[in-house]
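So that you can map any letter, position 29 of the sequence shown is 723 in my numbering, and since no number is skipped, the others follow by simple counting. Ideal placement from N, C-alpha and C gives every residue a C-beta, glycine not left out. A quick write-up on the structure given underneath.
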Amino acid sequence: MNPEATAVLIPIVLFGGFFSWLIVRTLSKAYTAKLQAGGEASPALAARQEELTAGLEELRREVAELAERVDFTERLLAKETPNREGRRAP
695 MNPEATAVLI PIVLFGGFFS WLIVRTLSKA YTAKLQAGGE ASPALAARQE ELTAGLEELR
755 REVAELAERV DFTERLLAKE TPNREGRRAP
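Take a look at the structure:
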């Protein structure tokens with residue numbers, strides 16, 4: 695390699711490495727602080743998750759009830775099928 699190119703690349707690599715190290719260190723500190731803050735908010739997160747779970751169970755119960763009603767309506771309509779003349783069977 696050319697000695698002049700090496701003389702130019704050495705300071706570029708040194709300064710680039712130093713600034714890259716500063717950026718990575720700052721980002722890792724911010725990420726660590728975010729993780730620690732997230733661990734402290736877990737009771738609120740757990741309460742929210744419990745609330746959502748209760749809401750989901752309520753929705754499941756309502757859907758099951760509606761499915762039963764639909765089944766009942768289908769059976770009721772199947773019993774009252776019209777005969778050939780268009781009148782309903784007794």
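Rounded straight-line distance, which links the Cα of residue j to that of residue i
i    : j    : result
Q743 : T720 : 32 Å
L750 : E759 : 14 Å
K773 : P737 : 54 Å
V757 : V718 : 51 Å
E745 : A731 : 22 Å
A748 : E762 : 21 Å
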